[in-house]
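Same order as they appear, the protein sequences are chains A and B.
Plus 10 on top of the position in the first sequence (first one is 1) and you've got our numbering.
Plus 491 on top of the position in the second sequence (first one is 1) and you've got our numbering.
Here the structure comes first, spelled out in structure tokens, and everything after it is commentary.
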Amino acid sequence: MIAEIDKTAPPVEILLVEDNLGDARLTREALKEGKVYNNLHWVKDGVEALDFLHKRGKHKDAPKPDIILLDLNLPKKDGREVLQEIKSDPRLQRIPVVVLTTSKAEEDVLKTYQLHANCYVTKPVDLEQFIKVVRSIDNFWLTVVTLPNGK
Amino acid sequence: MVDTSLAKKSAIRRVRIKGRAELVPGRHWDPASKAEVVLEGLKGRSESAICKRHRIKPAEYRRWRKQFLANIARPFELSRSTTANESRPLSGMSKKVWEENTKALRVAQELIEALPIPVFFKARDGKHLGANRAWETYFGVNREAFIGKTVQELFSSAPEAAAKHQAEDEYLWRNPGTRSYELAVPVQDGSYRHTLNYKATFTDADGGIAGLIGAIVDITDRKRAERRQAIEHRVARILSESATVSSAMPGVLAAFCETLGWACGARWSLDAKAGGFRCEETWWSLDDADVAAFLAASRKTTYQPGQAGFIRRVLGTGEPVWIVDVSAEKSFLRGKEAAAAGLRSAFALPIRLGDQILGALEFFHREEQQPDEWLLKTGAAMGVQVGHFMARAQAERELRESEARFRSLTGLSSDWYWEQDEEFRLTFMSSRFVERTGIDPAPYIGRKRWDAPAPNLSEAAWERHRAQLERHEPFFDFEVERAGPGGNSVWLSLSGEPVFDEERRFRGYRGVGTDITDRKRAQAVLRAAYDELARSNAELQQFAYVASHDLQEPLRMIGSYTQLLERRYGDKLDSDAREFMAFIVEGATRMKQLIEDLLAYSRVGTRGKELRPVRSQEALDRALVNLRATIEASGAEITSDALPEINADDTQLTQLFQNLVGNAMKFSRKEDPPRIHVSAEDSGHEWRFTVADNGIGIEPQYFERIFMVFQRLHTRDEYPGTGIGLAICKKVVDRHGGRIWVEPAHGKGSKFFFTLPKIQKGET
């Protein structure tokens, strides 16, 4: 059952940084079931993610994402480095980053780096939970958009 | 001058002397007959011819001749009752010469009388003729009573001395002249004195031996000094040649007894602490079985403190004790036995070292002996000698023991001994060096330690060592690697200390060394093993992390896509297919949980924080906050006592409380809301925490098992969970150096205990 999506508003630009095809697809599927009208941009590694964010190469026309879903274990440049760059770049640091982790343990480790992700989400095995997670991202977004001028 | 009255009466006697060439022919005054006698040489004339010539009868001639000879043979009459004038015999000289001689004789007589040494005269028949005053005093005999007595009569109490005198006299009668000899004789108080006797014969007018004059010099003091010196020398020699008191004493006792004629002696030792005393060594003349038995009995007895007796008195007072008759002396406990062994007198004196009394010496004599000051002094001197020796022997024994201790300690704690001179050159290396290391020390002798290569020591390290030596500081466990035989490394551990002479001048170093090659090798092996372990641990962690991460991805794929399948196409599947798919999802979910738990478990050891003082109350509070939802849902009542501050990883401590309290709530009875109490008790060096509940309790056979990973006592349907909670608790407590266990609570429920070490002083 796919919820009604309001397509009158401009779509939420979501950047998904995920090397795993299955996870990427699952995210896409889950978002389909969400309420938010979105544009999902999928990149497969950290280098491409930064190209996207900096509008480089083939991503020179990429939009500035409203939210980043960042997997940690990425080829070329892993999620920690990507997060680091995002948070140290004044133009990007306001973009909310949801870090997708495989385990709770991983999250704890990451926190020790003090990288200031906005949110950590452990990827669940259970689809229902995953959908809930994506919904929470919806909610997060909705909350964020209620702030004046996205601040 | 001619006495005319005498001449009138009997005219001048003319006497011819036969065969006496020493009598000078001429006029001779005869004081007895108060007449001058004309002495004519015989010149071959017969008696009858003389009588004819002088117109006297032969009988008269013989009377005159006899009288003349008798007078001339009696040189002096020293009796007080007779004056020289009255008794002066015919001297074979003229009246004038005689008178002069008589005067000289009187002077000599008075001189003799005044002489401080005893002088006496004795006739050829052995009867005493007279003596001077010194003689009277010396022997305590009135000289009137002595005149006419023989030496046997005079020394009736000392027949041996008398016999000696007699024999000496006999010799002189046979060999006229002078003679001197020593002899011990009894004097006025009955004591014996050593005398040096000078005797000289004198002749009568005919030249025959008329008697002898004797002079006595008392050499008792000299004799005693000689004896005392002899004893002291002998004792000193014995002591210097002896290693122990017990080996020295028999000889020392013998020196005294043999020199002074005492029968036997013994040394008594004093046990200064217990106060008892014991006979240690004895000496007796070998042929004396009775005395040997008496001494053997003495040696067997140990006298207890407080027991009276002869030796006790000496030890107690430090003064010598003399017993004239052992059988009559009550204080002498062994009196009867001593008397039975033929002993009569005894004395004992202390062995001294300054004011300290180390024991006593005792001596026995077969004959009754009066207390003798000199003997006691001689004995006391010996007591001092023995005392010094005992002190020295004791000091030497202590030194030997201390050396032996040092040697055995050195031998136990090290392999060899070495010495260095003040220039740090090796001067000595004990033989065990080569035995132990196989290295010939010869090339090292005379060289400094840093002159030979040691691969393990850098220039800087040598410099530090050298600086230490130059500061004359001791050093310990200085490790040096040397090339051993065959090129193998030999590791030496050297320790040394500076040596200073009496004037505090630095003289070098001495020390010990140990071959630590084996230890070094073992250390290397251990280090390799440790490195390997650390590497393998790191790998394992990496593996656990990778496994947990990478295993979860496929799991997620399985779970999620199965669900997606069911979601999208559920209506096209039958109920079996949906059930199967539910199992797939459930399996994947559980596996994910297991992996998570395992990861959490492994993280207790690898991701723990440093232990620091933590208020355990705060950790509990945090745990309760984390458990808030469960607490509210179960209606649990959780109470706690005041909890202490301890050294801990606060996150892990929180986890510990959370798991224990969480467990207690989980395993509650359906009918009772959980009631949980947390407390801590001081048990010496650690705190003992208790988490008590009123839950379902645990059967004793599972008390151990519940702390193992993934061990469960219930099905997941009854109580959810993987069984990791208590395993994590155990690992946390282990890491903190404590213990965790469970006991059944009184009534119902369980009591979990765990201990955590107290904060040591200075840790905060």
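Beta carbons are placed, not taken as given, at the ideal position from N, Cα and C, and that holds for glycine.
The structure displayed is predicted, hence computed values, not measured ones.
Handout entry: For V610/B and I603/B, the rounded distance between their alpha carbons
Key = V610/B has its alpha-carbon roughly 7 angstroms from the corresponding atom of I603/B.
Practice task
Answer yes if the stretch 22 to 41 of chain A comes into contact with the stretch 139 to 149 of chain A, meaning at least three C-beta pairs across the two stretches below 8 angstroms, and no otherwise.
Solution key: Yes: at least three Cβ pairs fall under 8 angstroms.
Practice task
Note down, in chain order, every chain A residue with its Cβ under 7 angstroms from the Cβ of V1076/B.
Solution key: Those are D136, listed as they occur along chain A.
Practice task
Using the Cα positions of H1168/B and P1191/B, report the straight-line distance between them to the nearest angstrom.
Solution key: Computed Cα separation, rounded: 21 angstroms.
Practice task
Could you tell me which chain A residues have their CB closer than 8 angstroms to the CB of Q1054/B, listed as they occur along the chain?
Solution key: Simply D136, L137 and E138.
Problem - Neighbour flag for G32/A against chain B, beta carbons, 9 angstroms - result: Closer than 9 angstroms: yes.
Handout entry: Residue from G809/B, A839/B, L761/B and L866/B whose Cα sits closest to the Cα of G752/B
Key = When each option's Cα is compared against that of G752/B, the closest is L866/B.
Handout entry: Per-residue DSSP class, three states only, for W753/B
Key = Coil.
Exercise for the section: Could you tell me the boundaries of the alpha helix (DSSP H) in which R1207/B lies? Expected result: Boundaries for R1207/B: no alpha helix (DSSP H) harbours it, and the DSSP string shows neither H nor E there.
Problem - Pairwise C-alpha distance: M881/B and A734/B - result: When rounded, the separation of the alpha-carbon atoms in A734/B and M881/B is 10 angstroms.
Problem - 9 angstroms Cβ cutoff, R83/A in contact with chain B - result: Before going on, a small fix: residue 83/A reads as Asn here, not Arg. Under the 9 angstroms criterion on CB atoms, N83/A is classed as interfacial with respect to chain B.
Problem - Closest by C-alpha distance to T1142/B, when choosing among A1171/B, G1099/B, A1127/B and M1156/B - result: When only C-alpha atoms are compared, the closest one is G1099/B.
Handout entry: Run of the beta strand (DSSP E) containing N1138/B, from where it starts to where it stops
Key = From DSSP, the beta strand (DSSP E) with N1138/B extends over E1136 to A1139.
Exercise for the section: Apply the 10 Å Cβ neighbour rule to V1116/B and answer buried if 16 or more other Cβ atoms are within range, or exposed otherwise. Expected result: Exposed, because fewer than 16 other Cβ atoms sit within 10 Å of the Cβ of V1116/B.
Handout entry: Residue interval of the alpha helix (DSSP H) (run including W626/B)
Key = From DSSP, the alpha helix (DSSP H) with W626/B extends over R624 to F630.
Handout entry: Min CB distance E10/A to chain B below 9 angstroms
Key = The structure shown does not extend to residue 10/A, since chain A is modelled only from 11 through 161, so no value can be given for it.
Practice task
Confirm, please, whether the CB-CB distance from P73/A to E6/A is below 9 angstroms.
Solution key: Residue 6/A is absent from the model: chain A starts at 11 and stops at 161.
Practice task
Give every residue of the same chain whose Cβ lies closer than 7 angstroms to the Cβ of K1213/B, excluding the five residues on either side of it in the sequence, and list them in chain order.
Solution key: For the record, residue 1213/B in the displayed sequence is Thr; it is not Lys. Around T1213/B, the same chain offers Q1084, L1085, D1088 and F1201 as residues with beta carbons nearer than 7 angstroms, after the five sequence neighbours per side are excluded.
Practice task
Compute the Euclidean distance between the alpha carbons of S776/B and V1003/B, then round it to the nearest angstrom.
Solution key: Our two residues, S776/B and V1003/B, have alpha carbons roughly 54 angstroms apart in a direct line.
Problem - Whole-angstrom distance between L1056/B and L1217/B, CA atom to CA atom - result: In this structure, the CA atom of L1217/B is about 38 angstroms from the CA atom of L1056/B.
Handout entry: Buried versus exposed, by CB contacts within 10 Å (16 or more), K1222/B
Key = K1222/B sits buried, since 16 or more C-beta atoms from the chains shown fall within 10 Å of its C-beta.
Practice task
Please confirm if L26/A has its CB atom under 9 angstroms from at least one CB of chain B.
Solution key: Cβ-Cβ to chain B under 9 angstroms: no for L26/A.
Exercise for the section: Could you check which residue in I842/B, R857/B, D1132/B and R790/B has the C-alpha nearest to that of T1181/B? Expected result: Per the Cα distances, D1132/B.
Exercise for the section: Please check if any C-beta of chain B sits within less than 9 angstroms of the C-beta of I147/A. Expected result: False, the Cβ-Cβ gap to chain B never drops below 9 angstroms.
Problem - Contacts that T1213/B makes with chain A (C-beta to C-beta distance below 9 angstroms) - result: None at all; the shortest Cβ gap to chain A is about 14 angstroms.
Exercise for the section: State the DSSP-derived secondary structure class of D942/B, mapped to helix, strand or coil. Expected result: Helix at D942/B.
Exercise for the section: Step through the CB atoms of chain B and report whether any lies within less than 9 angstroms of the CB of K97/A. Expected result: No, K97/A lies away from the interface with chain B (no Cβ there is under 9 angstroms from its Cβ).
Practice task
Answer yes or no: does any C-beta atom of chain A fall closer than 9 angstroms to that of T444/B?
Solution key: For chain B, the structure presents residues 492 to 1255; residue 444/B sits outside this window and is missing.
Handout entry: Against chain A: residues of the stretch 1026 to 1049 of chain B by CB proximity under 7 angstroms
Key = Flagged, chain order: S1039, H1040, Q1043, E1044, L1046, R1047 and M1048.
Exercise for the section: Report all residues from its chain with a CB closer than 7 angstroms to the CB of H1237/B; omit the five preceding and five following residues, and keep chain order. Expected result: Cβ neighbours of H1237/B beyond the five flanking positions: none.
Practice task
Could you pull out every residue in the same chain whose Cβ sits closer than 8 angstroms to the Cβ of V782/B, ignoring the five residues on either side in sequence?
Solution key: Cβ within range, chain order: A754, C755, W775, S776, A832, G833, L834 and F855.
Problem - Spatially closest choice to R825/B from A787/B, G809/B, Q861/B and L844/B, by CA coordinates - result: Distances from the alpha-carbon of R825/B to those of A787/B, G809/B, Q861/B and L844/B put A787/B closest.
Handout entry: alpha helix (DSSP H) segment containing N1117/B, residue limits
Key = Its alpha helix (DSSP H) spans residues S1107 to N1117.
Problem - N- and C-terminal bounds of the beta strand (DSSP E) containing V708/B - result: Unbroken beta strand (DSSP E) run through V708/B: I700 to D709.
Handout entry: Beta carbon proximity, S1174/B to chain A, threshold 9 angstroms
Key = Proximity of S1174/B to chain A, defined by a Cβ-Cβ separation below 9 angstroms, is not satisfied.
Problem - Inter-residue CB distance, Q1043/B and T112/A (contact presumed, cutoff 8 angstroms) - result: That pair is a contact at about 5 angstroms.
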